[in-house]
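Residue numbers (our numbering): 218 to 524.
Have a look at the structure below before the remarks.
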């Protein structure tokens with residue numbers, strides 16, 4: 218038996234009028250510009266971007282960027298006319314123009330997805346791969362009914378000794394970059410030997426670890442200072458990650474949104490700051506315009522990932 222897999226492209230808008238948007242494409246060509254027919258359409262008054270600025274074209278398992286503009290395009294700071302894109306590449310449309318980060322990954326189609334895509338114009342880049350036999354999860358025995366004096370069994374958190382390398386995907390979007398990992402655990406920190414090196418003033422050499430255990434993603438605080446917070450509360454060691462969790466690596470940031478399925482998206486600096494009392498949180502008052510903008514970005518992220 219075979220399954221149908223396509224290569225999906227995600228463009229994360231890092232700066233510009235669409236900052237915070239995450240667009241996903243599955244066609245063989247992505248047009249970019251101000252023209253109403255473009256797949257990625259910038260506002261008509263953003264004249265630094267041409268009407269037909271550029272195209273991203275599928276060529277087998279690769280994606281070629283082709284510039285057609287008058288003001289040029291930069292990829293990772295270098296002006297280009299044509300280039301094969303790699304995951305994490307940052308595309309800048311003209312000097313000082315909007316920026317997007319590029320990510321391509323395999324995506325298995327559901328029956329509904331196949332029906333929707335069959336109605337879309339143009340061919341769909343596909344990869345046919347054999348279906349591997351599913352490995353059944355360890356069956357968990359049904360709990361016995363509790364007697365009048367029995368208490369529920371305590372679920373143990375995974376210890377350092379219990380964590381084993383697991384082939385499981387993790388994607389982190391931070392600023393203009395997207396990093397993809399295939400094996401967990403991985404360590405976040407400032408030390409160059411970390412799997413994800415994060416140059417942020419509040420990040421320590423060995424700051425946090427993300428691992429997979431008991432069919433869940435977990436985050437562990439390696440700072441021994443209770444700096445990592447989940448939904449504004451210090452995790453005090455380690456904590457499972459659940460969909461829509463807000464993860465602050467420190468009171469000064471950075472802050473990520475866990476979208477489930479191993480996806481972390483940066484949502485900016487903390488909207489909350491810890492007071493001198495440690496666990497107490499003091500909410501900052503924001504301007505109404507900023508709040509509306511951030512809420513709009515948050516809703517678009519949720520819509521893309523179908524939260």
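All C-beta atoms, glycine included, are put in the ideal place defined by N, C-alpha and C.
CA-to-CA distance, residue j to residue i, given in whole angstroms
i, j, result
"residue 284", "residue 389", "28 Å"
"residue 264", "residue 252", "11 Å"
"residue 310", "residue 474", "27 Å"
"residue 320", "residue 453", "33 Å"
"residue 270", "residue 233", "15 Å"
"residue 290", "residue 403", "34 Å"
"residue 391", "residue 447", "18 Å"
"residue 419", "residue 467", "7 Å"
"residue 439", "residue 276", "43 Å"
"residue 236", "residue 458", "26 Å"
"residue 231", "residue 410", "27 Å"
"residue 443", "residue 317", "34 Å"
"residue 477", "residue 462", "9 Å"
"residue 344", "residue 437", "Annotation note: pLDDT 40 at residue 344 (below 50); position unreliable, coordinate value reported separately. Cα-Cα distance, rounded: 36 Å."
"residue 430", "residue 479", "13 Å"
"residue 273", "residue 226", "10 Å"
"residue 302", "residue 434", "30 Å"
"residue 260", "residue 248", "14 Å"
"residue 456", "residue 268", "48 Å"
"residue 382", "residue 428", "8 Å"
"residue 413", "residue 257", "30 Å"
"residue 224", "residue 432", "26 Å"
"residue 312", "residue 397", "28 Å"
"residue 349", "residue 401", "Note on residue 349: pLDDT 43, under 50, position unreliable in the model; the coordinate value appears next. Roughly 21 Å between the two C-alpha positions."
"residue 299", "residue 293", "13 Å"
"residue 423", "residue 228", "30 Å"
"residue 262", "residue 417", "35 Å"
Neighbour-count burial assignment, residue i, 16 or more Cβ in a 10 Å radius
i, result
"residue 241", "exposed"
"residue 254", "exposed"
"residue 450", "exposed"
"residue 287", "exposed"
"residue 238", "buried"
"residue 483", "buried"
"residue 295", "exposed"
"residue 460", "exposed"
"residue 250", "buried"
"residue 315", "buried"
"residue 426", "buried"
"residue 279", "exposed"
"residue 323", "exposed"
Boundaries (first-last residue) of the beta strand (DSSP E) holding residue i
i, result
"residue 580", "This structure cannot settle anything about residue 580, because the visible part of the chain is limited to 218 through 524."
"residue 476", "Looking at the DSSP string, residue 476 is not in any beta strand (DSSP E), and its letter there is neither H nor E."
"residue 235", "Neither: residue 235 is in no beta strand (DSSP E) and is coded neither H nor E."
"residue 426", "425 to 430"
"residue 408", "Run containing residue 408: none; DSSP gives neither H nor E here."
"residue 299", "299 to 301"
"residue 419", "Note, residue 419: premise wrong, no beta strand (DSSP E); not H, not E."
"residue 291", "290 to 292"
"residue 309", "307 to 310"
Nonlocal neighbours in the same chain, by C-beta distance under 8 Å from residue i, ignoring five residues either side
i, result
"residue 357", "Note that residue 357 scores 48 on pLDDT, short of 50, meaning its location in the model is unreliable; the coordinates nonetheless yield the value given after this. If we look at residue 357 and ignore the five residues flanking it on each side, it has no Cβ neighbours."
"residue 394", "305, 307 and 318"
"residue 464", "436, 445, 446, 447, 458, 472, 473, 474, 475 and 481"
"residue 297", "282, 284, 290 and 291"
"residue 380", "402, 428 and 430"
Beta-carbon proximity list for residue i, same chain, < 7 Å, skipping 5 on both sides
i, result
"residue 399", "384 and 386"
"residue 421", "406, 407 and 440"
Sequence-distant residues of the same chain with beta carbon closer than 6 Å to residue i, five excluded per side
i, result
"residue 339", "Legend: pLDDT at residue 339 = 43, less than 50; position of this residue unreliable, no value from coordinates given."
"residue 415", "405"
"residue 469", "419"
key: Minimum length 3: unbroken beta strand (DSSP E) runs contained in the region 254 to 282   = Qualifying beta strand (DSSP E) stretches, in chain order: 271 to 276.
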